[in-house]
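So the structure is just underneath, and the comments pick up after that.
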Amino acid sequence: MVTEITGQTVTNKLHNVPAMNDATNDIYRDIESEVVREIMRDAAYDIHNSQRGQVSQVQFNAIEKQAQNKLLDTIFLDQLIGKYIKQNGSVVDVDDLSRFLDATILDNLIYQYEDIQDNRSRTLDNYALRKFHLNSFMNMTMDLLLTELSASLIEDMKDLDEQERRIF
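Counting from 117, one number per residue, gives the positions in the sequence shown under this note's numbering.
Listed below in structure tokens is the structure:
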């Protein structure tokens, strides 16, 4: 299970790494695949061993259905950031991991942005949801306006009462 998940994720994420010249690309691909595979294996086993026995199969299926790729991306990104922070100055490792980390973060940000835009457009395209959204927004706006007007009216009444007392 762990090997299948990490294999799919590594394959998808390796396509996001920026292009380089051929000589560097061959070296980079050889080093990267081993480094990434090792990091993914460590991260997957750490997460799997820490969570084993705490999550039942039913819960796992529900989480997997809901999260799809998001959960693994988050776990992998956390582990990758942790490894990146713990390194102390190996220029090759820092450059390679920073490229991979940048591509992963950019991929996640673009995916989240597109997901938000899709959800927003689906919500606004649906007549019932659009009408509910409009009514809810109008109700909240009216409630806010009436509350502010009520407070303003009470304050104006106090001011008027003080003026009448001074006059009489």
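Note that beta-carbon positions come from the ideal geometry of N, C-alpha and C, so glycine has one too.
When the Cα atoms are used, M273 and L260 turn out to be separated by approximately 20 angstroms. The three-state reading of DSSP puts N251 in helix, counting H, G and I together. In the structure shown, N242 falls within a coil segment according to DSSP collapsed to helix, strand and coil.
When only Cα atoms are considered, L245 and T239 end up about 6 angstroms apart. Look at F216 here: in three-state DSSP terms it is helix. For F284, the secondary structure class from DSSP, reduced to helix, strand or coil, is coil.
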